[in-house]
Each structure stands twice: as structure tokens, then as C-alpha cells.
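J.: Sequential numbering from 47 applies to the sequence shown in our numbering.
Cβ atoms here follow ideal geometry from the backbone N, Cα and C, with glycine treated the same way.
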Amino acid sequence: MATSIPRRLFFAVLYPLLLLFICLNDAHFPAISIKKVKTSLSADGKCVKKFRPMTQPGTINSIRFAFKTSRPGQDMMMVLLQNQGISNGDTEKEFLAVELRDGRVRFTWNVGGGIGVVTDNKKVVSEVSTIKESEKWYRVKAERIGGLGRLTVHRLSDTAGAPITNTSTVGFSLMGLDDTTDIFVSGVPQDVIVYPSLTSRNFSGCMGDMHIDETLVGLFNFERNTMDSCSACLEVPSQPPAANVYSFDGTGYAVTDKNRFLSPLIANIILDFKTYWDNASLFFVGNPQTSEFMAIELENGFVVFKYYLGQGSYGRIQSEMKYNRNQWVSVAAAHSGLLAVLEVSKVESLITQGNPGDHLLNVSMNDLFFGGIPPSVNLDIYRKGSGHHVSGDSFLGCMRSLQLSSNAVNLWDGKSTIGVLEGCKESGLRSIGFYGSGFAEYQGVSMISSESDLSISFSTTEPDGLLLLAKNVNGDSYYSLVLKDGLVYGKFSGGRNPISINSKERYNDGKVHTVAVRKLDRKIEIYVDDKVVATGNLDRQLRDIAVREDGGLYLGGVPEGLNVDDQAETSKSLDGCLSDVVINRGILNINQPKKYDRADIGRCKLMEMQHDRMLVDPEPPLASDAPSNIRMLEVEPMSRKVKPTKNSLQDKMGTPTSGPTPCATVARSVDFQVDALTFGEADMSFHQINTSKKEILRKFEISLDFRTFYQNGLLIYLSNLDHTEFVAAQIKDHVLVLVLTRNDDIKVVTVNTSTSLADGQWHNVKVDKNLQRISVVVDGNEENMGSRKIAKVLKVEPPLFIGGVPSSFKPLLNENVVAHSVRGCIRGLKIDGDSRPSSEATLASGVEKCYAKVEKGAYFNGEAWGLYDDKFSVGQKFKMELDFRTNKADGILVNITSQNLKNSIGLEISKGKVIFTAVIAGQQFSLKSQNGFCDNVWHKVKVGMEKRTIAMQVDDGEIYQDTLAGDITLSNLRAPLYLGATPDVFAKVASSRHRGYQGCMRDVIINNKQVNWFDLQRSFSLQKTACPVA
């Protein structure tokens, strides 16, 4: 039986902490139901704890925690990080410290050139003077970015304000904290010397939720007690999570034994995940005695389902698409004997049959692993037994909605979690790895102030590689940092006369180095590890470096086909690691690339391998391992359930069937159109194509294919900087319209075709300019300006925009230009006859894959919803109709529920049948169809309510209706009207099935008003442009 931790460590660590929890729960909180109880640190002035280092050299550090105290007037040390061996008079020793001084929180740091200090301006109030627990606690966030310090302090009951900042000595940014750094919490031992301006008095009060460099510190997960009067106090108050969502930090795993595969013949698992990583273990269960296992993994971005049942019966299914794009992905995997099925994001359904052999999976007594596998599990047993690879790579990303067979999985109820936190982190990643190819693109940051700066840490053993490049659209204003022959090169230009400067020493030694650029007016200085290695001066007239701020900042390399030979000394992709990117003292969020390819976002294998070689003990004891591994048992609060009263209406359809109506089986997954993309799903949706001025001024021919169901949308756009001169090709009122400027006047050319261009079919448009003539051709129908001429040279500038324009353009657009994107697909872009594939776009925003076959309507994926009106009034008369198509037995179509939950209207599919429900003053009334309608064909349902009568009709079938007893009505109901589902936090009273609708919907009419999907007040994950067809 595979286990997550050695037996000796259970009795050494987990058992005493379990007893501690029981004592705390019984002694202090006998009448309280707590979602999750953890132990925070309670200190009485004689408690000091030393923790295992969790820092690395770099330009960024952070400390955040919460505390409360009854002695705010005393000076007290709360957190101290410092390198070992500091002595009296040593003023250059590096450290970070957070203290309470004169009743205020103070953050002090030294990067080696002198101290920096930030003090909060609010006095801390004693916990004994407040009643509410949230007003007793303060949250502290201290950050160091180079030489800049930022401090934020606020009560838990208040919102955080703007941080207070200060700087330390200029020229010192790299702090050499490493695995020898001492980390002290709640004070410092008497034999440890601290910087003279710091206090050595120990802390009195409670501390919790401690994070150092974004890593959670379990305050009872210490390396040693230096003073042993520490105790526990109640965890920092927090709102319980709305659902079980888990964040994995890429170093650990979760182990549970609460759920089992009880049947050896059938096993299934469902989970959602999101990640940037190419390779990771998502789920694993195995029997070491027989080598049998079942696993879900990521391999090069593909989802892979593997199983081995013994006697050579190995099976494997791989998704057809990659899913490591940091979007939520739903995975369902199951096996029944040798037969196995994998469904991914409800667009891929794959089936396979394993090799002949045994057909039973005997793992009913074995632990389940999520997000990684402990080192104590010998994977070679499974690799040798099956003859195939099994991944042990840990997972960086988020998981949710875990389900085994028909039971939900709660990882907090399991044996242990290492490197797992609540919720889903959307920021905080510091590193990114490249392995000789690939790139990551981010929003650019200009260096236009009189004093600008940037820094980036790197490590590599290769002599050449691009570190960073930012440029404008034309490529004449830029800055770049590269390694060439091991030397650091910087190249800079404000528009002309670029300068290139370089170091004299080589830095491709595999160690972590930090290169920084400091721009003072036109003077440029390059630092490596806080030492000046090169200087230069920009052109006297062009001292500002303005770059694209909607993209164009590249790390590690550039996209294939993008020539940057003029902007960087080498364009070779990096084989190494980058981290801690800071520009103008702002941290670049590694989590949010605009585009990327073959970039290991959030980790670097080279750095991990170097760290592993330095470890003396590759499997450290649990007590000093990742701090989130030790958890206490949970006491679940009792939830209040609304129990509906018995229906007062007689069921018009007779006795209902006991089982669900069989639904249609979709034979295959939907296909995607090759080299076509969907525009318009996002508010800002466009492709930016770089062209030369020669390509667009005198002569050009721009053509593309488009497909849409919507009557308006922008296809092609060129303009000057202030948009007073432009050329726009667009669909307007379902015909093609060309709008352009001519002699300060607006000219419009309309192409009339025999059919509407909003018919969901592919159409071709071509805009052809030849000197003073311009014409537009749609499906062979040509229109031009007749005898009217235009300028030989257009006053427009690159780039060319396809499918839409950035949101920043919209206030400047001429009123004759459609301001939103085309709502459909585009393919086959050509410029002067040359194909320009989508991969050549220098900036892509809000575009998605294009389905090969579509129908008019919107697609709901089971989680999607649309808010029609947040204050919808039902009134004396309410009627609604819609078309739907689904192969799922359950799902919400419409829901309206009052805030007090006493009044509600719901239209849903339950067990394949359509149900219309009204809840009035707590009483529930329903109409239900006799037949099932989950056959994956279109059906029309009409419902209505007038005074006390409710009615429903599906297709042209029987009209079901009844009159409510008594004098009750929903005329005063005023509440949000949701389509397809509702947000998780929203109550759904008039719905027996709380599952979201999965399928298509069209022609929704509410009180005689047609619903436009793009006019919804809000929506989530709703595909509005079209509905896919398998």
C-alpha cells in the first residue's frame, strides 16, 4: 500500500498536532462549527521560532502576515530574515525586518549599501479595546523591489489603502538571501546579533497566515524552537471558500484515502484544472503489489489517460489538442474493464481499448494522489510492470470540482497536502524557463521618465540567448538585453542612432545573476550583480524609449518569423531561467502573458536540477518540508436547506417515470476549422498585423474570408495616429460597406449581394487600392467609387488591424465605423496575394479557435450563464419562449429568484423532461412535459404566467396549464433573470437540478423582446457568436 509519509514521522509530527487540535477545539470552541481550524502562533514575549529557509537570491522579496496584540506600545520584532554571521558594526549585511516601533509597523531592509525604512502612519490598537475579532487583527504586506520598499497595513475589517514607499541606496538591488538565510518569527534568540537600529525584544500576541516570498509558512512547521513558550491561538479570521478550489505550487501533492475505487471493474474520475505547464501528474492511484495503476497526466500540454490492469493490459488515450493555456479545463476519465473513455472540456470525447490481459483494477485499498506523487512512492514498479512511462512531475496550477465515481473529493479531508493552498492564485509566479526555443510576450513598459529602470535575473550555461526585448510597432524605439558569447549586451534606441553597450566579463556560468538598467535622462547604465559593467548615452533629441504597451515585451526569445536583428544583438532563444522582472519598479506578472510558446511559466528545470544537486538529503523530514503539509481535522458547519412544500397542482402528465429519459449520444467531438479564428467573444478582439508603409500607402490588396450570424462587425481597419484618416471594411446591416476618408470628407462604398452576409456561410472580401482607385469585392461582386479618385498616397500608418481594434481606439473612431469586432470567424488573410497566417499576428487579443460547423445560437458549457436583467420585473403578465438543443439530461434554462428566496420562476431540463416551476410565498407549483427532449435536436419551449394561471408548451405539443389556488401572484417579483445557469453564490429555488445547462440556445424572446446575447448585462464563459455542431 502506497503511503504519503513514513510511519515514524506520523507519530513524531502529525499525532501530537492532532492532539493539539482536539484540545483547542474542546477547550475553547465547544459550541462553534468551524469550516477549517488551523493553528496560528501565540507568543508571550518568550517565544522565538527559527524556520527553514525558503528564499533565493533576487531583486524581489515579500513578507505578509496577520497579527494582533494587547501590547502595541512595546517595541517588538515580528519577522527577521538575515544572512548568518552578522557581527557588531557590520553595516552592509543584508536583511529584511518587520517590527512594531512606537506603536506603528515598520519595515526595514538592507541590500548591502545601507538601510531603507518605511513606517506605517497608523497606530496599532490593542486587541482588548475592540470587540469584533476582525477589528483586533491587522494584515501586513511588506515588499522589496530592488531598492524600493512598500508597506501596507490595515485592519481585517478595512480595505487596504495605497502602500507607503521609500528607497534605499541607489545602485543596490540584488539581495543574496539563500538556503543559509536565518528566518526568525516572533523575535530573535539572545545569542543572535541584529542590525543596531532593530529591536531585539520578542513579540507578544498572535500571528498567522504568514507568507515569505509568496510561500506559506506553517507556524508550527518550524526548524527549531529557540525559546519554547510558544502556544497556539485561533486562526486568522477569514471567509470560508465558496467551493473546494485548490492551488498547487509545483512542489508537492495531495494524498487522500477518504475516497476509493471500490469496484475493480469500473472506475471513473472527474476534475477541472488550469495550468501553464506542459508536463505534470494530475491524478494517480496504484497498487505496488501488482503494478496496476490509473493516471491522468499532462504530456507536452496534451491530456493523457493511462491505466494498467496487469498481465499486459495497458491502455492509453491522448487528447487531440493541448490544454496548458491557463484556462479551466474539465476532464472526465473512466474505464470499464479494458474499455476506456476520456472527455476533455466537453469538446473531445475519445475511446480506446487496452491490450488483452486482466480486466480488473485492484486499487480499492490504495491512496489517491492529486497534483503530484510523494518521493516515497516507487514509480519504477509501475513503469517496469506496464512497460510504459508514469509521470511523477508535480503540478503547478489550480484544480476544482474533484469527483470520484459519484462522490465529491475534498482534499482537506485527506491524509496530507504539501504545497497546496485554498483558492486559485492568479499572480505571484516569479520564474520562467526556456530550453533553447520559445518565447513569452507581455504588455510593454516604456522608459520615458527622466529616471527609469529595469532588472531581470537569469541563469544559463549557454553563451548566447535573448533575455528581454521591448519595442514599438515600427521597431525604431526599443530596449533589449541579451547574452552574446557569455557577455551581457544592452541595445537601446529612442527612434534613431541606437547604442549598444556590453560587459567585459562573462556570466554564462549557470549561477543566478541579476542584470539591471538605469536610465537617467539620456544616460544608460548597465549593472550586473550590483556592479556597473557598461555605460552609454542616447541621442540628444530622442532620449525617451516609447514601446508598445499592448504587447511587444518578449522574454526568452521572439516568435518564429519576427525579425529583431536591428533591435537585439542576438535573437537566439534562451536555454536557461529568467525571474524577478522589474520595470520602473513595477513587478512584471509572469502569470499573465499575452502570448507564449514553449515557455515553462512558473518554473525552470535548470534551476531545479542545480538545487537538487546541492541537496544533501533529497527527501527532508516532514517537519521542515513545505509548510502547508500539516493540517488539522475539519469540523463542517451544518448547512441550511430549503425544503419545498408539496405541489398543489395535479400532475397533468400522469404518473412520472422512475428513471431518467435516455438522451442522445454524440458520436464524435466537434472539429475546428484549420487556420481560422473566432473574433468577437471578448470585448476587445482583434489581430494586429505589422506591415511596411510601402505595403499600404500606394497599392495594396487585402483579402480574407469571414463567417458570421451578426449584421454588424469590423473586418479590416487602417488609420493614422489620431484616426482622422482611415480605411475600414465592415459588415453593416448585413451588407459589406467600405468607409474611407477622401479630401477631408467621408466616402462610403456599399456592396449589395443577393444574400445576407450574416447567414453563417463563408464569404470572401477583397479591398483593392491601385494609386487613385479603390474598390471592394465580395464573393465576386465588385463596387468602386466610379470616377471619384482618392489620394495616391494614403495618410495612414501601420499596423493593420483585422477583426476589430483595441478598446483604446473606440473613442476616436469615426461615427461611420462599426465600433465592435466582427462576431464570427476569419480565415485566409492575404496581403498582395501572400498568405498571412494567424501566427504572424504581432498582437492577438480576445480570439479563440473557430468551429468547423456552426449554427445560429449561443453555446453554454455547463458553467456559462448570462444575466438578462438584474432587476427584472415579472408583472401581471409574463411570457417567454426559446429554442434549445442538448444531449444532457439536466440543466437550468431560466431562473428568477427573489432575495428572500420565497418567490421564484424556473425553467429547466430534469431527467430529460422540460419543467416550468413557480414558487410563490414558499409554495411550489410545477408543469412537466410528458416526453424527454435531450435528443440533441432543436426544440421550442413557450412558458407564460398571467395573474394566477401558468402555462407551458414544447414544440407544437399539448399546452399544459393550471390555475393557482387562492389569491397568490408573482406580480411583485423583481429579481435577476439568468439564462443557462446562475453564479455559484446565487440561490436557485425554482430548480430541482442546480446543474448548469450544456447545449445551445437561440431565439430567446422575453415579453415580446428578442434577446441579443451581446446586450446581456453580464455573462460568464458564454460563447455568443455561434453554436458548434458535431
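Should Glu472 go down as buried or exposed, given a rule of 16 or more other Cβ atoms within 10 Å for buried?
T.: Locating residue 472 in the sequence shown gives position 426, counting from the first residue. Exposed, by the Cβ-count rule.
J.: Kindly indicate which three-state DSSP category Pro1086 falls into: helix, strand or coil?
T.: Absent from the structure is residue 1086, since the part of the chain shown begins at 47 and ends at 1076.
J.: Report the residue from Leu533, Cys709 and Tyr241 whose alpha carbon sits nearest the alpha carbon of Val983.
T.: Translated into the one-based positions of the sequence shown, residue 983 becomes position 937. Taking only the C-alpha atoms, the option nearest Val983 is Cys709.
J.: Rounded to the nearest angstrom, what separates Thr154 and Leu608 at their Cα positions?
T.: Locating residue 154 in the sequence shown gives position 108, where the first residue counts as 1. Locating residue 608 in the sequence shown gives position 562, where the first residue counts as 1. Thr154 and Leu608: Cα-Cα distance of roughly 45 Å.
J.: Mapping DSSP to helix, strand and coil, what is Ser246?
T.: Working through the sequence shown from its first residue, we reach residue 246 at position 200. Of the three classes helix, strand and coil, the one that applies to Ser246 here is coil, per DSSP.
J.: Express the C-alpha separation of Glu741 and Gln818 in angstroms, rounding to a whole number.
T.: Start at 1 with the first residue of the sequence shown, and residue 818 comes out as number 772. Start at 1 with the first residue of the sequence shown, and residue 741 comes out as number 695. Each residue's Cα considered, the two are about 15 Å apart.
J.: Whole-angstrom Cβ separation of Ala1072 and Tyr897, contact assumed at under 8 Å?
T.: Translated into the one-based positions of the sequence shown, residue 1072 becomes position 1026. Translated into the one-based positions of the sequence shown, residue 897 becomes position 851. Correct: roughly 7 Å between the Cβ atoms.
J.: Between which two residues does the beta strand (DSSP E) harbouring Arg150 extend?
T.: For the purposes of this step, residue 150 is taken as the residue at position 104 of the sequence shown. Here the beta strand (DSSP E) through Arg150 covers Arg150 to Asn156.
J.: Apart from the five residues on each side of it in sequence, which residues of its chain come closer than 8 Å, Cβ to Cβ, to Gln285?
T.: Counted from its first residue, the sequence shown places residue 285 at position 239. Its pLDDT being 48, under 50, Gln285 is placed unreliably in this model, and the value from its coordinates should be taken loosely. So no residue of the chain qualifies.
J.: Check Leu127 in the structure and name its three-state DSSP category.
T.: Here residue 127 refers to the residue found at position 81 of the sequence shown. Looking at Leu127 - three-state DSSP - the assignment turns out to be strand.
J.: Of all the options Asn933, Ser501 and Leu146, which has the alpha carbon lying nearest to the alpha carbon of Ala1076?
T.: One-based indexing of the sequence shown puts residue 1076 at position 1030. Per the Cα distances, Asn933.
J.: Where does Glu173 land, buried or exposed, given buried means 16+ other C-beta within 10 angstroms?
T.: The sequence position of residue 173 within the sequence shown is 127, counting from 1. Its Cβ being crowded by 16 or more others within 10 Å, Glu173 is buried.
J.: When the Cβ atoms of the segment 537-547 are set against those of the segment 520-527, are three or more pairs found closer than 8 Å?
T.: The answer is yes - the segment 520-527 touches the segment 537-547, with three or more Cβ pairs under 8 Å.
J.: In chain order, what residues of the same chain have a beta carbon less than 6 Å from the beta carbon of Ala143, not counting five sequence neighbours either side?
T.: As a first step, residue 143 is located in the sequence shown; it is residue number 97 there, counting from the start. Taken in chain order, the residues that qualify are Leu126, Thr154 and Leu244.
J.: Under a three-way DSSP split, which group does Leu897 fall into?
T.: Taking the first residue of the sequence shown as position 1, residue 897 is located at position 851. The identity of residue 897 in the sequence shown is Tyr, whereas the question assumes Leu. Tyr897 falls in the strand class under three-state DSSP.
J.: Take Ser495 and list the residues in its own chain whose beta-carbon comes closer than 8 Å to its own, dropping the five residues that flank it on each side.
T.: Taking the sequence shown and counting its residues from 1, the one referred to as residue 495 is at position 449. The residues are Asn630.
J.: Between which two residues does the beta strand (DSSP E) containing Asp721 stretch?
T.: Taking the sequence shown and counting its residues from 1, one reaches residue 721 at position 675. Segment Phe718 to Phe725, the beta strand (DSSP E) holding Asp721.
J.: Three-state secondary structure (DSSP) at Ile229?
T.: Here residue 229 refers to the residue found at position 183 of the sequence shown. The answer is strand: DSSP assigns Ile229 an E or B state.
J.: Put Phe97 into one of helix, strand or coil per three-state DSSP.
T.: The residue you call residue 97 lines up with position 51 of the sequence shown. Phe97 falls in the strand class under three-state DSSP.
J.: Mark Ile11 as exposed unless 16 or more other C-beta atoms lie within 10 angstroms of its C-beta, in which case mark it buried.
T.: Residue 11 is absent from the structure shown; the chain starts at 47 and stops at 1076.
J.: In the DSSP assignment, find the alpha helix (DSSP H) that holds Tyr573 and state where it starts and stops.
T.: Along the sequence shown, read from residue 1 onward, the residue named residue 573 stands at position 527. Premise fails: Tyr573 lies in the beta strand (DSSP E), Lys569 to Val574, not in any alpha helix (DSSP H).
J.: Alpha carbon to alpha carbon, how far is Thr383 from Lys320?
T.: To locate residue 383, count along the sequence shown from 1; it is residue 337. To locate residue 320, count along the sequence shown from 1; it is residue 274. Contrary to the premise, residue 383 reads as Gly rather than Thr in this sequence. So the two alpha carbons sit approximately 30 Å from each other.
J.: Which residues in the same chain have their Cβ closer than 8 Å to the Cβ of Lys1070, if we skip the five residues on either side of it in sequence?
T.: By one-based count along the sequence shown, residue 1070 stands at place 1024. Answer for Lys1070: Gly726, Glu727, Arg869, Ala904, Trp1059 and Phe1060, listed in chain order.
J.: Hey, is the segment 229-249 in contact with the segment 201-212, meaning 3+ C-beta pairs nearer than 8 Å?
T.: Not touching, per the Cβ criterion.
J.: So Ile1021 and Gln945 are supposed to be a Cβ contact under 8 Å. How far apart are they, rounded?
T.: Here residue 1021 refers to the residue found at position 975 when the sequence shown is read from its first residue. Here residue 945 refers to the residue found at position 899 when the sequence shown is read from its first residue. The question names Ile, but residue 1021 in the sequence shown is Ala. Their Cβ separation, rounded to whole angstroms, is 7 Å, which keeps Ala1021 and Gln945 in contact under 8 Å.
J.: Are the beta-carbon atoms belonging to Gly648 and Leu385 less than 8 Å from one another?
T.: Stepping through the sequence shown from its first residue, residue 648 is reached at position 602. Stepping through the sequence shown from its first residue, residue 385 is reached at position 339. Taking 8 Å as the Cβ cut-off, Gly648 and Leu385 do not qualify as a contacting pair.
J.: Using the DSSP secondary-structure output, state which residues sit across from Gly990 in a beta bridge.
T.: Residue numbering aside, residue 990 sits at position 944 when the sequence shown is read from its first letter. According to DSSP, which records beta bridges pairwise, Gly990 is partnered with Lys925 and Ala997.
J.: Applying the 10 Å Cβ sphere with the 16-neighbour rule, what's the burial state of Thr101?
T.: Translated into the one-based positions of the sequence shown, residue 101 becomes position 55. Under this definition Thr101 is a buried residue.
J.: On the criterion of 16 or more Cβ atoms from any shown chain inside 10 Å, does His435 qualify as buried, or is it exposed?
T.: For this step, residue 435 is matched to residue 389 along the sequence shown. Exposed: under 16 other Cβ atoms inside 10 Å.
J.: Please report the straight-line C-alpha distance between Met122 and Gly149, rounded to a whole angstrom.
T.: Here residue 122 is taken as the residue at index 76 of the sequence shown, counted from 1. Here residue 149 is taken as the residue at index 103 of the sequence shown, counted from 1. Roughly 9 Å separates the two Cα atoms.
J.: Can you pull the DSSP bridge partners for His733?
T.: Counting from one through the sequence shown, the residue named residue 733 turns up at place 687. DSSP output for His733 lists Ile848 and Ala890 as bridge partner(s).
J.: Provide the residue span of the alpha helix (DSSP H) that contains Ile427, from first to last.
T.: Mapped onto the sequence shown, residue 427 falls at position 381. Looking at the DSSP string, the run of the alpha helix (DSSP H) that includes Ile427 is Asp426 to Ser432.
J.: Glu497 lies in the beta strand (DSSP E); which residues open and close that run?
T.: In the sequence shown, the residue the question calls residue 497 occupies position 451. Here the beta strand (DSSP E) through Glu497 covers Glu497 to Thr506.
J.: Let me know the beta strand (DSSP E) ranges lying completely inside the segment 904-970, each 3 residues or longer, listed in chain order.
T.: For the segment 904-970, whole beta strand (DSSP E) runs of length 3 or above, ordered along the chain, are 904-907, 911-919, 923-931, 937-943, 950-956 and 959-966.
J.: Give me, in chain order, the residues of the same chain whose beta-carbon lies closer than 8 Å to that of Lys5; leave out the 5 immediate sequence neighbours on both sides.
T.: The structure shown has nothing for residue 5, since the chain only spans 47 to 1076.
J.: Go ahead and pull the three-state DSSP assignment for Asp439.
T.: Translated into positions along the sequence shown, residue 439 becomes position 393. Note: Asp439 maps to coil in three-state DSSP.
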